Amino acid sequence: MEDTCRVLFLPDNRYIVVPRGENLLKAAMDADVHVNASCGGSGSCGKCRVVVEEGEVEREPNPKLTESEIAQGYALACQARVLTDLQVRIPIESRIGDKRIFERKEPVPAHGYLLSAADWEKRLPHWELNPSTRKIHLVLPPPTLDDNVSDAERVKRGLAMEAGLRDVVIDYPVLQRLPNMLRQSDWDITVTVLDSGEELRAVRIEQGDTTERQSAIAIDVGTTTISAELIDLRTGEVTARASDYNAQVAFGEDVITRIIYATRGTGLAKLQSVVVGTIWNLIKTLVEQAGIEYCNITHLVVAGNTTMTHLLLGLNPKYIREEPYIPSATFFPWIKCSDIGLRIAAGVYLYAIPCVASYVGGDIVAGMLASGIFNTDKLTLYIDIGTNGEMVLGNREWMLSCSCSAGPAFEGGGVKHGMRATRGAIEQVRINPGNYEPMIITVGNRKPIGICGSGLIDALSEMFMTGIINEKGKINTDLPTDRVRATEGGAEYVLVRAEDSATRRDIVITEVDIDNLMRAKAAVYAGIEILLSSVDMDVSMIDELLIAGAFGRYLEVDKAVNIGLLPDIGFEKMKFVGNGSLLGAHLSALSKDMLEKANEIARQMTYLELSMNPAFMEHYLSALFFPHTNLDAFPSVKKKLEARRKVRYRTGEAASAGEVG
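Just so you know, we're using the working numbering here: the sequence shown kicks off at 6 and counts up by one.
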């Protein structure tokens, strides 16, 4: 009999029996217990901290844990192996976070503005409510000796006469149910017809008139979060909304880690299963909120990046990350929801918004649709910053796209105390230029646990503008404050002291963190410059900058400009678009014309592979400074820095005069 151990995970109160010697992070995954982990199990991120309260593990030595922490029972789950029965506690900083984060109020930006629904409508050409599925009520004459066509032909004839729909293909499951259903309903039925663009298909048959009950679901399948809307297809109104963390985060926080996991054994099936599980839970929530039945739902439209789309559909993503970076597919057929494990109701089909390339996916195509860039003469830059900085430049005449590997820094990965924007995450930072003392605001106004992407950009901007760091990202250790200190691993700035944090540890920004963030922002800015230079343009020619995604929604753009993440083109040109991916899926769920427009956008968009562009490294190296080696490209930042120098000069003069006196 195999030597096994029982592992109990707290506070989830879940246990699992594993072979002795099993990796502790894998044990947590198999038990469906989330532990933050973003490095794929290499031990380099230090995020998967757990406390072994009872039992013994074999630990690999790792500089991410101090001797004091090891003495307290801390271990990195990915670097620990189970030796005995264990009781393991997941500390607050290693947990997924509070779902209530999705209820956060939409921020009011200091610069630019949030586009409203009315703003979106103005950007789009006229479109009509004309969804891909349609319910047709039929009262058919029963067969006679004189009218003895088959049941299927009788339904087809009724569809042609009642709705002008000809050559309708009847799905096999509908064909199986047809004889009994027709007779039980006394020939009074409702047929749901799917227009796939290539054929008309009868996908569901119901007794009586159910045409008043027609709903679709639009879904944004994000790497970290999944958002969904239930839409009444008779009115186009959203009747329910819900969001949740993508359960795949337990298997890696970025797409590369998940692709690697998907290539191992049954990894792909597992990743598909958990994302389908998240979507199913959201559908249940929507149905309960709206007070409808599952059979009201006729179709789904989903938008996600290329990897998320592949994992949802169960397609092999392996070659997305291997040169020459080829996805299994970029266009996808209408798929039965039941074929991927979503058993909502009979005949519910799903459509995935097409992708452009391995790292420009359906979420960006949906954003292009929703933003109306295809319908404007303005030169527009659309940017969605996350693990990948995905961006599109163009207008109604052309669209050029690229993706730069920003890494997980803007989502808290690769940062010592980085985390997702959950309760307790520092999201705003201000630093007093006189005494270098910080002022912070956390999500939910809780004791701080760590710092999220928007907080990191705030912190970097404030540290740069107050002189804590120089243009190379190096910390000035000569400042008269104990917030700045030198350590064996380099200098760091103490943002929150241990007694003020929820983790009872100092929350710091290290020079390694700054370097990772500088590399990330340099990659994004270099991508912007490559897009522009490819069409012989520069940033001064941009008419409008659209900032998309959950991260962009909470971004303070003046801080992003200060560090050189976004171009200094004037705040009046910058607009926040929120979840463009979800809105694009919403429009596609409501209108066949808009869905086809999304397909056209995907076909027409040109993709630039930055890794093959010889100029990328030159632009990247130029951007490895705050804000940039070319300070003249950032006039507003240059003005602030000059004003700061004048203040310091006058302050120094006054101090000298006081000493002489």
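Beta carbons: idealized from backbone N, C-alpha and C, even for Gly. All of these numbers come straight from a predicted model, not from anything done at the bench.
In this structure, the alpha-carbon of Val243 lies about 4 Å from that of Ile236. Beta bridge pairing from DSSP links Lys341 with Tyr354.
The residues Ile231, Ala233, Ala247 and Asp249, in chain order, have a CB closer than 7 Å to that of Leu287 in the same chain once the five nearest residues on each side in sequence are set aside. Shown here, Cys53 sits in coil according to DSSP, grouped into three states, outside any helix or strand.
It is roughly 13 Å from the alpha-carbon of Arg490 to the alpha-carbon of Arg502. In the DSSP assignment, Tyr625 falls within the alpha helix (DSSP H) that extends over Phe621 to Ser627.
A direct Cα-Cα distance of roughly 43 Å separates Val179 from Lys31. Comparing alpha-carbon positions, the option among Ala223, Leu461, Asp382 and Gly423 lying closest to Tyr354 turns out to be Ala223. For Ser73, the uninterrupted alpha helix (DSSP H) run begins and ends at Glu72 to Ala76, by DSSP. Contact check for Asn135 against Ser596 passes: the beta carbons are separated by less than 8 Å. Non-local beta-carbon contacts of Tyr364 in its own chain, meaning distances under 6 Å to residues more than five positions away in sequence, involve Asn393 and Ser408 in chain order. In summary, Arg209 is buried, with 16 or more beta-carbon neighbours lying within 10 Å of its beta-carbon over all protein chains present. Partner residues in the beta bridge of Asp200, as assigned by DSSP, are Leu205.
Around the Cβ of Gly429, a 10 Å sphere holds 16 or more other Cβ atoms; the residue is buried. If you check the CB distance, Asn321 and Leu273 come in under 8 Å. Between Ala496 and Val56, the alpha-carbon positions lie close to 28 Å from each other. Only residues of its own chain outside the window of five on either side were considered, and among them Val173 have a CB closer than 6 Å to the CB of Lys161, listed in chain order. Exclusion of the five residues before and after Gly460 leaves Ala430, Ile431, Glu432, Gln433 and Val434 as the residues of its chain whose Cβ lies within less than 7 Å of its Cβ.
Excluding sequence positions up to five before and after Gly472, its CB lies within less than 7 Å of the CB of Asn481, all in the same chain and listed in chain order.
CA-to-CA, the gap between Gln253 and Val40 works out to about 11 Å.
In the three-state reduction of the DSSP assignment, Phe415 falls in the helix class, which pools H, G and I. DSSP, reduced to helix, strand and coil, places Asn286 within a helical segment of the structure shown. At a Cβ-Cβ threshold of 8 Å, Ala375 and Gly589 count as neighbours. By the C-beta density criterion, Lys289 is exposed, having fewer than 16 other C-beta atoms within 10 angstroms.
DSSP places Lys140 in the strand class (E or B) of the three-state scheme. Contact between the region 48-66 and the region 82-99 is present, with at least three C-beta pairs closer than 8 Å. Taken through DSSP and simplified to helix, strand or coil, Val365 comes out as strand.
Within its own chain, the residues whose Cβ lies closer than 6 Å to the Cβ of Ile340, once the five positions on either side in sequence are excluded, are Leu355, listed in chain order. Under the three-state reduction of DSSP, Thr447 is assigned to strand. At a Cβ-Cβ threshold of 8 Å, Asp573 and Ser641 count as neighbours. In the displayed model, Leu320 falls within coil according to three-state DSSP, outside both helix and strand. Distances from the CA of Lys580 to each of Leu600, Glu549 and Glu126 were compared; the closest alpha carbon is that of Glu549. Under the three-pair Cβ rule at 8 Å, the region 324-332 does not count as touching the region 620-628. Counting along the chain, the unbroken alpha helix (DSSP H) around Tyr266 starts and ends at Val260 to Ala267. Around the Cβ of Arg425, a 10 Å sphere holds 16 or more other Cβ atoms; the residue is buried.
A direct Cα-Cα distance of roughly 11 Å separates Val12 from Arg94.
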